[in-house]
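Q: Let me give you the structure first, and then I'll get to my questions.
2 protein chains.
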Amino acid sequence: MRFTGLSAFPLTPLADDRIDEDAFTAGVRRLAAAGVDSITALGSTGSYAYLDREERARAARLAVENAGDVPVVVGVGALRTSHVLAHVEDAQRAGASGLLVAPLTYQALTDDDVYGLFDDVTRNSSVPVIVYDNPRTTHFTFTTELYARIAGLPGIASIKIPGVPTGPVEARAHVERIRAVLPEHVTIGVSGDAFAAEGLIAGCEAWYSVVGGTLPEVALRVTRAVRDGDPEAARAESERLAPLWGLFAEPGGSQRVIAAVAEHLGFARRSSLPRPILGLDDAQRSRVARVVDDLGLAEGL
Amino acid sequence: MRFTGLSAFPLTPLADDRIDEDAFTAGVRRLAAAGVDSITALGSTGSYAYLDREERARAARLAVENAGDVPVVVGVGALRTSHVLAHVEDAQRAGASGLLVAPLTYQALTDDDVYGLFDDVTRNSSVPVIVYDNPRTTHFTFTTELYARIAGLPGIASIKIPGVPTGPVEARAHVERIRAVLPEHVTIGVSGDAFAAEGLIAGCEAWYSVVGGTLPEVALRVTRAVRDGDPEAARAESERLAPLWGLFAEPGGSQRVIAAVAEHLGFARRSSLPRPILGLDDAQRSRVARVVDDLGLAEGL
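The listed protein sequences derive, respectively, from chains A and B. Just so you know, the first sequence maps onto residues 4 to 304 in my numbering. Just so you know, the second sequence maps onto residues 4 to 304 in my numbering.
Next up, the structure:
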């Protein structure tokens, strides 16, 4: 399949160190009902790296079962190739429509290591693969040349890039430079929610979205404005959301913030992230709640 | 126990994606026979982050069984606290004399998260804990203040620091600054083999050593020179080894180099690291072999 539009990345809330299955499935159903284009279960926001094989297989099954007609992508990244391939097998068995693969690192990886990883994965999978470039979590930096090498592998369907330069001209030039080296069937998806409007306007075909995984209506307003040929409306909506992007950019990262949003709105219990991640403290939670209320993010839920 | 002297970090060689138990146990026996002060199984060099629970429990048992009277420390780090505690249980059951705990990250951790991790570990373990500060692999940066907070927890026995500043005066000032905030019973161990001689001379009580895990005699010469009050001999030996430190400092990191050394010397089969890590290419292996031969590193094996 061709990955375009809004791909929503739900949290995988925990309760007492186990997946809170009711919260997770309710979240997936909300995303499907909102009409997102795909659901990426077990992305970074979905804590895939912290879950064991059984939990990941279970979450993949629950996501597919509760997503209705919406295609489900499953994150299968792991430090060791053989573990990635085990997750690939489980995700495919669960009915995944795509696989999201990040080159996790403990020891630093070379370009040849990462190419070899994607070669191994595409040789051993029957559903399309999304290349997950997220240097903040993986500490691996892709070059455009490596995008091109990997995109040449059969089975690669999309590349999730980590934001675009600020400014419409620079953003478009950046996306066009990547576009120029990719086969036409490989889509480019922007991530880093603050960059999404500009990324979509600059030619990214998809948005791999943190906020869309919990507040899909918010992300759909931006995505649909671009799709409907109204970039200024998309920019205006994204600018209106600046206080949320500001929280995402703080040192703890976007996952803690969106988890606090979900907990504030009753979508997850308190302390829904895997320890040792403690989540936001009370003062930070108050600021998050204020932004949610001021921006009316919970309207229509 | 008090962790001092040379702690040797053996590789955990793989063969066909399984632990090569013969190679691993032979390596542990060589370390014990050489007279290292402790053996740290499943350190970064020992690929702990890539191995599953069963493999890690098995390697811990094999290490203790083959180490004779030499105390064995076991690396128990993992991304999720509950997984760390499972490894703690396995390591203790295997007979570990100490636990090495690194704050692994996928999502960035705060100081409070990391303090909480060590609090959870020390509450749930009955053997001493070594704090593993390795920013190149964990991407977490400890402050001296955080060392002090964590070292105040009962059960913390040592802090493995990532090298010391170049220059004897700066190195001593650095170690003394850390020493000043730690309880007397908590030792400081230097890592980053190129810094070891200067670190030991500057007052570190231990060396957590990559090279010592495969070539213990080399590391013992440096360690014993300092212990025996001959810092100039230690410095001279470390300077003689500069070509090896140069290889360790290349972008692929020390693990690939020491694995290539082990493979060159017949201590492990080719491709002994977990995929996707491909190890050094043929040209790099030739350079490693030349350094091993030129420096006489295999003499006396």
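By construction, the Cβ of each residue, glycine as well, lies at the ideal position given by its N, Cα and C atoms. Since this is a predicted model, take the numbers as computed values, not measurements.
So, using beta-carbon positions, are G30 of chain A and L14 of chain A closer together than 8 Å?
A: Numbered from 1 along the first sequence, position 27 holds the residue referred to as residue 30 of chain A. Numbered from 1 along the first sequence, position 11 holds the residue referred to as residue 14 of chain A. Against a cut-off of 8 Å, the Cβ pair of L14 of chain A and G30 of chain A comes out as a contact.
Q: Identify every run of the alpha helix (DSSP H) within the region 61 to 129 of chain B, keeping only runs that are complete inside it and at least 4 residues long; order them along the chain.
A: 84 to 97, 114 to 126
Q: Within 10 angstroms of its Cβ, does G170 of chain A collect 16 or more other Cβ (buried), or is it exposed?
A: For this step, residue 170 of chain A is matched to residue 167 along the first sequence. Exposed, by the Cβ-count rule.
Q: Does the beta carbon of Y53 of chain A come closer than 8 Å to any beta carbon on chain B?
A: The residue given as residue 53 of chain A occupies position 50 in the first sequence. Yes, contact with chain B.
Q: Can you tell me where the beta strand (DSSP E) with L9 of chain B in it begins and where it stops?
A: By 1-based counting over the second sequence, the position of residue 9 of chain B is 6. From DSSP, the beta strand (DSSP E) with L9 of chain B extends over 8 to 11.
Q: Hey, I280 of chain A and Q287 of chain B: beta-carbon distance below 8 Å or not?
A: Position 277 of the first sequence, counted from the first residue, corresponds to residue 280 of chain A. Position 284 of the second sequence, counted from the first residue, corresponds to residue 287 of chain B. No. Outside cutoff.
Q: P107 of chain A to A81 of chain A, Cα distance in whole Å?
A: Numbered from its first residue, the first sequence carries residue 107 of chain A at position 104. Numbered from its first residue, the first sequence carries residue 81 of chain A at position 78. As written in the sequence, residue 107 of chain A is Leu, which differs from the Pro given in the question. If I take the Cα positions, the gap works out to 6 Å.
Q: If you draw a straight line from the C-alpha of L250 of chain B to the C-alpha of A63 of chain B, how long is it?
A: Here the question's residue 250 of chain B lines up with position 247 in the second sequence. Here the question's residue 63 of chain B lines up with position 60 in the second sequence. Answer to the nearest angstrom: the Cα atoms are 29 Å apart.
Q: What three-state label does DSSP hand S275 of chain A in the structure shown?
A: The residue you call residue 275 of chain A lines up with position 272 of the first sequence. S275 of chain A: coil per DSSP, three-state reduction.
Q: I think R180 of chain B touches T147 of chain B, with their Cβ atoms under 8 Å apart; what is that distance to the nearest whole Å?
A: Residue mapping note: residue 180 of chain B aligns to position 177 of the second sequence, counting from 1. Residue mapping note: residue 147 of chain B aligns to position 144 of the second sequence, counting from 1. Between T147 of chain B and R180 of chain B the Cβ distance is about 6 Å, and since that is below 8 Å, they are a contact.
Q: Contact between the region 188 to 195 of chain B and the region 216 to 229 of chain B: three or more CB pairs below 8 Å?
A: no
Q: Taking C-beta pairs closer than 7 Å, name the residues in chain A that S289 of chain B reaches, listed in chain order.
A: For this step, residue 289 of chain B is matched to residue 286 along the second sequence. Ordered by position in chain A, no residue passes the 7 Å Cβ test against S289 of chain B, which lies about 17 Å from the chain.
Q: Between the region 120 to 140 of chain A and chain B, which residues of the former have a C-beta closer than 8 Å to a C-beta of the latter?
A: So the close ones are L120, D123, R139, T140.
Q: Is S47 of chain A helix, strand or coil by DSSP?
A: Numbered from its first residue, the first sequence carries residue 47 of chain A at position 44. It is coil, neither helix nor strand.
Q: Distance check for L65 of chain B and L298 of chain B, CA to CA, integer angstroms please.
A: Taking the second sequence and counting its residues from 1, the one referred to as residue 298 of chain B is at position 295. Taking the second sequence and counting its residues from 1, the one referred to as residue 65 of chain B is at position 62. About 31 Å.
Q: If you drop the 5 nearest sequence neighbours on each side, which residues of the same chain put their C-beta closer than 7 Å to that of T125 of chain B?
A: Mapped onto the second sequence, residue 125 of chain B falls at position 122. Here the set comprises V132, L156, P157, G158, I159.
Q: Between which residues of its own chain and T95 of chain A is the CB-CB distance below 7 Å, once the five residues before and five after are set aside?
A: Numbered from 1 along the first sequence, position 92 holds the residue referred to as residue 95 of chain A. According to the sequence provided, residue 95 of chain A is Gln. The question's Thr does not apply to it. Closer than 7 Å at Cβ, skipping near neighbours: S128, S129, V130.
Q: Per DSSP, what kind of secondary structure is S194 of chain A in: helix, strand or coil?
A: In the first sequence, counting from the first residue as 1, residue 194 of chain A sits at position 191. Three-state DSSP puts S194 of chain A in coil, outside helix and strand.
Q: Does any C-beta atom of chain A lie closer than 8 Å to the C-beta of S274 of chain B?
A: For the purposes of this step, residue 274 of chain B is identified with residue 271 of the second sequence, where counting begins at 1. It does not: the Cβ of S274 of chain B has no partner Cβ on chain A nearer than 8 Å.
Q: In chain order, what residues of the same chain lie with their CB nearer than 7 Å to the CB of S289 of chain A, ignoring the 5 residues before and after it?
A: Residue numbering aside, residue 289 of chain A sits at position 286 when the first sequence is read from its first letter. Nothing listed; no residue qualifies.
Q: With a threshold of 8 Å between beta-carbons, can P13 of chain A be considered close to chain B, or not?
A: One-based indexing of the first sequence puts residue 13 of chain A at position 10. Not one chain B Cβ lies under 8 Å of P13 of chain A.
Q: Can you check DSSP and say which residues form a bridge with W210 of chain A?
A: The count along the first sequence starts at 1 and reaches residue 210 of chain A at position 207. Paired residues: A:L9, A:V193.
Q: What does D19 of chain B reach in chain A if we use C-beta pairs closer than 7 Å?
A: Taking the second sequence and counting its residues from 1, the one referred to as residue 19 of chain B is at position 16. Ordered by position in chain A, no residue passes the 7 Å Cβ test against D19 of chain B, which lies about 10 Å from the chain.
Q: Is DSSP giving I280 of chain A helix, strand or coil here?
A: Along the first sequence, read from residue 1 onward, the residue named residue 280 of chain A stands at position 277. Note: I280 of chain A maps to coil in three-state DSSP.
Q: With distances taken Cα to Cα, identify the nearest neighbour of K163 of chain A among A:A70, A:D20, A:L276, A:L103.
A: As a working note, residue 163 of chain A is residue 160 in the first sequence. Here the closest residue by C-alpha is A:L103.
Q: Given a cut-off of 8 Å, decide if G71 of chain B and Y51 of chain B are closer than it, judged by their beta-carbon atoms.
A: Residue numbering aside, residue 51 of chain B sits at position 48 when the second sequence is read from its first letter. Residue numbering aside, residue 71 of chain B sits at position 68 when the second sequence is read from its first letter. Not a contact, by the Cβ cut-off of 8 Å.
Q: Are there 16 or more other CB atoms within 10 angstroms of the CB of A245 of chain A, so buried, or fewer, so exposed?
A: Your numbering for residue 245 of chain A matches position 242 in the first sequence. Burial call: exposed.
Q: Where does L17 of chain A fall in DSSP's three states?
A: By 1-based counting over the first sequence, the position of residue 17 of chain A is 14. Three-state DSSP puts L17 of chain A in a strand.
Q: My output table needs one value for V167 of chain A: the three-state DSSP class, helix, strand or coil.
A: To locate residue 167 of chain A, count along the first sequence from 1; it is residue 164. In the displayed model, V167 of chain A falls within coil according to three-state DSSP, outside both helix and strand.
Q: Distance check for S85 of chain A and E92 of chain A, CA to CA, integer angstroms please.
A: Position 89 of the first sequence holds residue 92 of chain A. Position 82 of the first sequence holds residue 85 of chain A. Distance between the alpha carbons of E92 of chain A and S85 of chain A: 11 Å.
Q: Do you know how far the Cα of T28 of chain A is from the Cα of F198 of chain A?
A: Here residue 198 of chain A is taken as the residue at index 195 of the first sequence, counted from 1. Here residue 28 of chain A is taken as the residue at index 25 of the first sequence, counted from 1. Cα to Cα, F198 of chain A sits roughly 28 Å from T28 of chain A.
Q: For Q258 of chain A, which residues of its own chain have a beta-carbon under 6 Å away from its beta-carbon, when the five flanking residues on both sides are left out?
A: Taking the first residue of the first sequence as 1, we reach residue 258 of chain A at position 255. If we look at Q258 of chain A and ignore the five residues flanking it on each side, its Cβ neighbours are T48.
Q: Can you tell me whether P160 of chain B is helix, strand or coil according to DSSP?
A: One-based indexing of the second sequence puts residue 160 of chain B at position 157. A small correction: the amino acid at residue 160 of chain B is Ala; Pro does not occupy that position in the sequence shown. Reduced to three states, the DSSP call for A160 of chain B is strand.
Q: Does the beta carbon of G78 of chain A come closer than 8 Å to any beta carbon on chain B?
A: As a position in the first sequence, residue 78 of chain A is number 75, starting the count at 1. By this cut-off, G78 of chain A is not an interface position.
Q: Note down, one range per segment and in chain order, each beta strand (DSSP E) of at least 3 residues found wholly within the region 199 to 273 of chain A.
A: The beta strand (DSSP E) runs of length 3 or more contained entirely in the region 199 to 273 of chain A are, from start to end of the chain, 209 to 212.
Q: Roughly how many angstroms lie between the CA atoms of L120 of chain A and R278 of chain B, to the nearest whole one?
A: The residue labelled residue 120 of chain A in the question sits at position 117 within the first sequence. The residue labelled residue 278 of chain B in the question sits at position 275 within the second sequence. Cα to Cα, the separation comes out at about 8 Å.
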